[in-house]
């Protein structure tokens with residue numbers, strides 16, 4: 547099972563968001579998104595690289611804090627879907 551970590555939009559291009567999560571930067575397709583998005587918004591991204599849900603900032607930060615705790619206790623970042 548893969549757990550999607552909320553990724554923050556750092557740049558928007560035509561149909562693509564450049565996102566950052568735990569220091570890893572990657573591109574995500576916005577093909578499945580129908581909401582208006584802005585730099586600073588948080589997205590959940592499928593393993594295939596498609597953003598599928600916008601996440602409220604508070605909820606995203608809470609999830610990232612919990613994930614950070616797991617990783618600090620020896621959890622594997624790859625299991626959280628954030629490794630490059």
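In my numbering, the protein residues as written are 547 to 630.
Cβ atoms here follow ideal geometry from the backbone N, Cα and C, with glycine treated the same way.
Of all alpha-carbon atoms in 568, 603, 582, the one lying nearest the alpha-carbon of residue 562 is that of 582.
Around the Cβ of residue 554, a 10 Å sphere holds 16 or more other Cβ atoms; the residue is buried. Membership of residue 599 in any alpha helix (DSSP H) is not indicated; the residue belongs instead to the beta strand (DSSP E) covering 597 to 601. Fewer than three Cβ pairs drawn from the segment 601 to 621 and the segment 569 to 581 lie within less than 8 Å of each other, which leaves the two stretches out of contact.
Distance between residue 601 and residue 590, taken at the CA atoms: about 7 Å. It is roughly 7 Å from the alpha-carbon of residue 585 to the alpha-carbon of residue 558.
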